[in-house]
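Asker: For the protein sequence lines, the chains are P and L, in the order given.
The opening position of the first sequence corresponds to residue 1 in this note's numbering, with each subsequent residue numbered one higher.
The opening position of the second sequence corresponds to residue 141 in this note's numbering, with each subsequent residue numbered one higher.
We treat Cβ as the ideally placed atom computed from N, Cα and C, and that holds for glycine.
Below is one structure. I have some questions about it.
There are 2 protein chains.
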Amino acid sequence: MEQRISLVTLGVADVERSAAFYRALGWEPALDVEETVFFQAGPLAVVLWGRDKLAADSGLDDPGGWGGVALAHNVRTNGDVDALVERARAAGATVTREPSATFYGGYAGVFVDPDGHPWEIAVNPGMPLADDGSFVVPRR
Amino acid sequence: MEQRISLVTLGVADVERSAAFYRALGWEPALDVEETVFFQAGPLAVVLWGRDKLAADSGLDDPGGWGGVALAHNVRTNGDVDALVERARAAGATVTREPSATFYGGYAGVFVDPDGHPWEIAVNPGMPLADDGSFVVPRR
């Protein structure tokens, strides 16, 4: 198995509402087909699809609520964190951790999208982004 | 907000057990620090961390179970799907959808890792992988 992800699919209650939220953050869909919205994110796609359909398609029961997955979007400055968390709040996100210093010496906040999917917006001085925005894990 | 993900963190009950599972699929950690395992996956990292810690760090309640997120790993042939699903089963995964034809004209199966995080292993003839393994959404 190659070490790559092709798609991250977020199950949502209302695809149009969710797409509007991500558009408000500045994302632009590449494709909107059969009640499924695809965003290109580097070499993978972030996909919005009905949570009930995703559960059925995956052969899973859905107890509701959060399921132990968090996404992170790292940025370069503390000001970038503040600005993006405020932009998300203005777009209707719930901020579950206000931007603050982190245990790893960085600065970060967390918001959840309209369906409760969390995004940590972070600066991590120990793992700075590459020039092209890639997150490269330091090998120690 | 740039259209990229820096980290996908999977909350797990036992980091070592989970790391062993992903190693059995062929993934190699880049970093193992403070009970957190990082895998490089192209321009992002897949991270294993205690689910209780991830919930607390994200400011979230955890009802347990699945939470509406699915990962997909696309491959090039139906035989690749079969082989990888069998490899995951041998490593202890539960197959929640046996490999079969999909509604979008492809072929796919789904397994869940030891913590119930689903991976769809798929061939999608309408959205073939690029030569470098990237998933590129067709713009229509």
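Is there a Cβ of chain L sitting closer than 7 Å to that of residue 41 of chain P, yes or no?
Answerer: yes
Asker: Which one of L:216, L:250, L:257, L:245 has the shortest CA to CA distance from residue 2 of chain P?
Answerer: L:216
Asker: Can you confirm whether residue 151 of chain L, when its beta carbon is compared against all beta carbons of chain P, has any partner nearer than 7 Å?
Answerer: Taking Cβ atoms only, chain P reaches closer than 7 Å to residue 151 of chain L, which makes this a yes.
Asker: Using the Cβ count rule (16 or more neighbours within 10 Å means buried), how would you classify residue 39 of chain P?
Answerer: buried
Asker: Within its chain, find whatever has a CB closer than 6 Å to the CB of residue 35 of chain P; leave out the 5 residues flanking it on each side and keep chain order.
Answerer: Same-chain partners within the cutoff: 15.
Asker: From the beta carbon of residue 218 of chain L, is the nearest beta carbon of chain P less than 7 Å away?
Answerer: With 7 Å as the cut-off, residue 218 of chain L does not count as an interface residue toward chain P.
Asker: Starting from residue 120 of chain P, find everything on chain L with Cβ-Cβ shorter than 9 Å and list it in chain order.
Answerer: Ordered by position in chain L, the residues that pass the 9 Å Cβ test against residue 120 of chain P are 146, 147, 149, 197, 198.
Asker: From this set, P:8, P:18, P:130, P:42, which residue's C-alpha is nearest residue 93 of chain P's C-alpha?
Answerer: Among P:8, P:18, P:130, P:42, the Cα nearest to that of residue 93 of chain P belongs to P:18.
Asker: From the DSSP output, which residues share a beta bridge with residue 189 of chain L?
Answerer: DSSP, once it has assigned bridges, lists L:151 as partnering residue 189 of chain L.
Asker: With a threshold of 8 Å on Cβ separation, who are the neighbours of residue 128 of chain P within its own chain once the five nearest residues in sequence on each side are excluded?
Answerer: 76
Asker: For residue 156 of chain L, go through chain P and note every residue whose CB falls closer than 7 Å to its CB, in chain order.
Answerer: Those do not exist, as residue 156 of chain L stays about 17 Å from chain P at its closest Cβ, beyond 7 Å.
Asker: Is residue 168 of chain L helix, strand or coil when you go by DSSP?
Answerer: In the structure shown, residue 168 of chain L sits in coil (DSSP, three-state: anything other than H, G, I, E or B).
Asker: Is it buried or exposed for residue 252 of chain L, if we count other Cβ within 10 angstroms and need 16 for buried?
Answerer: Classified as buried, residue 252 of chain L has 16 or more neighbouring CB atoms from the shown chains inside 10 Å of its CB.
Asker: Using a Cβ-Cβ cutoff of less than 7 Å, which residues in the same chain neighbour residue 143 of chain P once the five nearest sequence positions on both sides are dropped?
Answerer: What the structure shows of chain P is the stretch from 1 to 140, and residue 143 of chain P is not part of that stretch, so it cannot be assessed.
Asker: Could you tell me whether the Cβ atoms of residue 262 of chain L and residue 248 of chain L are closer together than 7 Å?
Answerer: Residue 248 of chain L is positioned such that its CB atom lies closer than 7 Å to that of residue 262 of chain L.
Asker: Note down the Cα distance separating residue 152 of chain L from residue 260 of chain L, rounded to an integer number of angstroms.
Answerer: 19 Å
Asker: Using C-beta distances below 6 Å, list every residue in its chain close to residue 64 of chain P, excluding the 5 sequence neighbours before and after it, in chain order.
Answerer: none
Asker: With distances taken Cα to Cα, identify the nearest neighbour of residue 213 of chain L among L:274, L:279, L:237.
Answerer: L:274
Asker: In chain order, what are the residue ranges of uninterrupted alpha helix (DSSP H) at least 4 long that sit wholly in the segment 212–261 of chain L?
Answerer: Along the length of the segment 212–261 of chain L, whole alpha helix (DSSP H) runs at least 4 residues long occupy 218–230, reported in chain order.
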